[in-house]
Each structure stands twice: as C-alpha cells, then as structure tokens.
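Data first, discussion second: the structure below is written as structure tokens.
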Amino acid sequence: MARFFCFSLLILLVPLTSAFYINAKNSFILTSENFTQATTEHDYFVLFIEDPESHNKFLELWDEVGQVSQADDTSKHLKFGIVDCHKEEVLCQVNQIKNKIQLKFFGSHNNWKSVTSFLDSTIADVLREDELIQKFDQPGAKMFVLFKVIYCPYCKETMEEWVTVMDHFKNNPNIYVASIDCTRHRKHCDRFDALRYPRMRFIYNPPSSSQKVDKYEGDRSAADMIEFAQLSIKRYE
Numbered sequence: 018m019a020r021f022f023c024f025s026l027l028i029l030l031v032p033l034t035s036a037f038y039i040n041a042k043n044s045f046i047l048t049s050e051n052f053t054q055a056t057t058e059h060d061y062f063v064l065f066i067e068d069p070e071s072h073n074k075f076l077e078l079w080d081e082v083g084q085v086s087q088a089d090d091t092s093k094h095l096k097f098g099i100v101d102c103h104k105e106e107v108l109c110q111v112n113q114i115k116n117k118i119q120l121k122f123f124g125s126h127n128n129w130k131s132v133t134s135f136l137d138s139t140i141a142d143v144l145r146e147d148e149l150i151q152k153f154d155q156p157g158a159k160m161f162v163l164f165k166v167i168y169c170p171y172c173k174e175t176m177e178e179w180v181t182v183m184d185h186f187k188n189n190p191n192i193y194v195a196s197i198d199c200t201r202h203r204k205h206c207d208r209f210d211a212l213r214y215p216r217m218r219f220i221y222n223p224p225s226s227s228q229k230v231d232k233y234e235g236d237r238s239a240a241d242m243i244e245f246a247q248l249s250i251k252r253y254e
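Note that our numbering has the sequence shown beginning at 18, numbered continuously upward.
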C-alpha cells in the first residue's frame with residue numbers, strides 16, 4: 018500500500034457541474050482503474066478536485082507546476098496527478114477527501130522534504146509570474162524582470178543572485194521585481210526582446226507616454242543588479 022502525507026486547501030462550496038474536460042498536458046488523469054498502480058510505481062503528488070470547471074485556474078496552475086518539475090533535479094522523477102472527485106466519488110472517499118480541493122503526496126517519506134520545498138517555491142513563482150504579466154501594461158508600474166528558461170544552467174546560477182535582488186526590494190513600493198519563465202510565456206519574452214537567456218530588463222509604464230525598457234548588460238551579481246535597478250528608479254521619478 019502506498020504511503021502518503023497530505024495537506025488540504027479549503028475552498029468555499031460551489032455548484033457542481035456534470036460535463037467538463039480536464040485539459041492537462043503535464044499532469045496525469047488518475048481514475049479508479051489506474052490509481053493504485055500509478056501511485057505504487059511512482060512518487061505522486063495528486064490533486065483531488067470536486068468541481069474542476071469552477072476551479073479551472075487552479076488546474077492550470079497545477080499543470081504549470083508539473084511542467085516545471087520536469088526540469089528540476091530534485092523533482093524530475095515526481096509525477097503530478099489529478100482526480101476528478103465528481104466522476105471518481107468512490108476513489109475520493111477511499112482516500113478520505115473531505116475538501117473541494119485537496120492535495121496528497123503518495124510516495125517515499127525520504128522524498129517528502131525536497132518535494133514540498135519544490136512545490137512551495139514553484140507555486141509562489143507561478144503566481145508571481147501571473148501578477149507580473151498583469152503589470153506589463155499597468156500605467157505607472159516599474160518592474161525589474163529576469164527572463165529565463167528552465168533548461169538554462171546560467172539562468173539557475175543567476176536565480177541565486179536574483180533572490181537577493183528580490184529580497185532587497187521586497188518592501189519597496191516603487192518597484193516590482195520578478196522572474197518569468199520564457200518556456201511558458203514566450204510571447205512576453207519576445208515582446209521585450211529577450212531572445213537569449215538570462216536577460217534582465219527594467220520596464221516602466223509612464224502614465225501618459227510610451228513604455229520605457231532599459232536593458233541590463235552588467236555582471237550577474239546581486240550588487241550590480243541592485244545598483245542598476247536603483248539608478249533606473251531614480252531616472253524615472
């Protein structure tokens with residue numbers, strides 16, 4: 018029997034719908050027919066969801082997390098699954114699913130720490146990307162953005178410095194610092210001429226004139242990137 022650990026996300030009650038197709042490219046649809054074999058042969062993080070149509074945004078997020086995991090050394094052997102509890106009522110009852118959305122990990126206790134750490138950071142990154150995309154066209158917004166791809170070793174090295182940059186400006190209301198994965202958001206990267214990786218851009222949307230984009234061409238050290246951002250903030254005061 019598969020060992021598991023779980024945590025739950027509580028969601029308000031919503032009406033049920035009967036016909037909805039889950040479009041998952043990086044997650045496996047699990048049913049009563051394949052669930053036991055799948056979770057026995059592999060480590061699985063499973064999303065149990067009662068009303069997929071009402072929570073389609075969360076499904077998209079879960080599928081993006083599955084995509085990122087394929088390029089992450091600590092989680093590339095982890096699989097992501099989805100169970101539609103509206104269709105698989107018995108399977109969800111057997112697994113003691115009591116909430117509208119609930120996540121459970123099926124696998125080795127030894128992998129639990131690395132998996133949860135990866136999941137926490139990845140979900141946070143994906144949510145921050147969504148917020149960043151909204152700011153790309155927000156009047157008055159100032160952003161310092163790292164454009165990256167998940168398979169680039171230089172991007173991983175730069176991210177270690179970028180975390181320091183993000184932490185430095187986290188309480189500064191005059192700038193929004195974030196990274197965006199060009200594997201998933203190609204059109205936004207093309208828009209800012211980020212054709213090679215990693216690339217950094219300071220972006221400012223003046224309320225009454227055209228968008229300003231400053232390209233960062235310096236060293237990939239936190240100190241140099243912070244200095245560049247500070248100068249850019251002052252330039253557009």
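For each residue, glycine too, the CB sits at the ideal point set by N, CA and C.
Note that the structure is a prediction, hence the values are computed from the model and not measured.
Expressed to the nearest angstrom, what Euclidean distance is found between the alpha-carbon atoms of residue i and residue j?
| i | j | result |
| --- | --- | --- |
| ASN51 | PRO69 | 20 Å |
| THR53 | SER125 | 15 Å |
| PHE186 | ASP154 | 21 Å |
| CYS12 | LEU149 | The first residue shown for the chain is 18 and the last is 254, placing residue 12 beyond what the model contains. |
| GLY258 | ASN43 | Nothing about residue 258 can be read from this structure; the chain reaches only from 18 to 254. |
| ASP147 | VAL162 | 13 Å |
| ASP60 | ASP236 | 40 Å |
| TYR38 | TYR253 | Reliability of the predicted coordinates at TYR38 is poor, the pLDDT of 48 falling under 50, and the value obtained from them is presented with this limitation in mind. The alpha-carbon atoms of TYR38 and TYR253 are separated by roughly 47 Å. |
| PHE209 | MET160 | 12 Å |
| TYR194 | VAL182 | Residue identity differs from the one stated: residue 194 is Val in this sequence, not Tyr. When rounded, the distance between both Cα atoms is 8 Å. |
| ASN222 | ALA55 | 49 Å |
| LYS121 | LYS165 | 30 Å |
| ASN103 | GLU67 | Per the sequence shown, the amino acid found at residue 103 is His instead of Asn. Roughly 5 Å between the two C-alpha positions. |
| ILE192 | ARG203 | 23 Å |
| LEU95 | LEU248 | 43 Å |
| VAL107 | GLU58 | 22 Å |
Helix, strand or coil for residue i? Go by DSSP, reduced to three states.
| i | result |
| --- | --- |
| TYR171 | helix |
| ILE243 | helix |
| GLN228 | coil |
| ASP198 | strand |
| PHE153 | coil |
| TYR38 | Only weak support is given to the placement of TYR38: the predicted model assigns it a pLDDT of 48, under 50, and the value that follows is read from those uncertain coordinates. Looking at TYR38 - three-state DSSP - the assignment turns out to be coil, as it is neither helix nor strand. |
| PHE186 | helix |
| ILE118 | strand |
| PHE209 | coil |
| VAL166 | coil |
Can you tell me where the beta strand (DSSP E) with residue i in it begins and where it stops?
| i | result |
| --- | --- |
| ARG216 | 216-221 |
| VAL100 | 96-101 |
At which residues does the alpha helix (DSSP H) containing residue i begin and terminate?
| i | result |
| --- | --- |
| VAL107 | 106-111 |
The region 223-238 touching the region 191-199, judged by at least three CB pairs closer than 8 Å = no
The region 212-223 touching the region 167-184, judged by at least three CB pairs closer than 8 Å | With contact defined as three or more Cβ pairs closer than 8 Å, the region 212-223 and the region 167-184 are in contact.
Which parts of the region 46-72 are runs of the alpha helix (DSSP H), unbroken and 4 residues or longer, counting only runs that do not cross its ends?
-> Complete alpha helix (DSSP H) runs here, min 4: 52-58.
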